[in-house]
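Engineer: In this note's numbering, the protein residues as written are 1421 to 1605. Quick one: the structure is below, questions incoming.
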């Protein structure tokens, strides 16, 4: 699939490499707003990439993802999330011809829920699940940069979640039984 040298440096693949760079930068962020901004830019770049590869469901899913992610910087409105889901379905469903065409749609739907309703580690877990859908889509589409990006996102997102988990303040809960037990010693 990826063996033709001319294919590796085609305009479509070069745009995919640009999306890869933006995606790597996005998922190295611990601050949600920075992650979302860079992820929005990555999504618009992905849209162009999938247009050039001839994958319309991925094109429209990525385009809506760019709008959605940018919008999630300004609002966490359930109405905005619903509008993004409706737009996603209106643009994508007419182009579904194979089961694989559903992958970017499902990935984008999961990411919509994560970006609008969750924060921190739960948001990144939703994005992790979305990434699995996109990784499969990108591999099947012949997207070199996209496949590499999604592998990187899975890894870097997991590492970032672990770092965030380690940086959480420890909460100590003392119950009445603990106080009684300590006084009896």
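We put the CB at the ideal spot given by N, CA and C, even for glycine.
Flag this pair as yes or no: are the beta carbons of residue 1523 and residue 1557 separated by less than 9 Å?
Structural biologist: yes
Engineer: Do residue 1584 and residue 1449 have their C-beta atoms closer together than 9 Å?
Structural biologist: no
Engineer: Which residues in the same chain as residue 1467 place their Cβ atom closer than 7 Å to its Cβ, once the five residues preceding and following it in sequence are excluded?
Structural biologist: 1479, 1482, 1483 and 1486
Engineer: With 16 other CB atoms within 10 Å as the buried threshold, where does residue 1473 fall?
Structural biologist: buried
Engineer: Looking at the structure shown, is residue 1569 part of a helix, part of a strand, or coil, going by DSSP?
Structural biologist: The DSSP-derived three-state label of residue 1569 is helix.
Engineer: Consult DSSP for residue 1523 and reduce its assignment to one of helix, strand or coil.
Structural biologist: helix
Engineer: Would you kindly work out how many angstroms separate the C-alpha atoms of residue 1452 and residue 1540, rounded to a whole number?
Structural biologist: 7 Å
Engineer: DSSP three-state call for residue 1494: helix, strand or coil?
Structural biologist: coil
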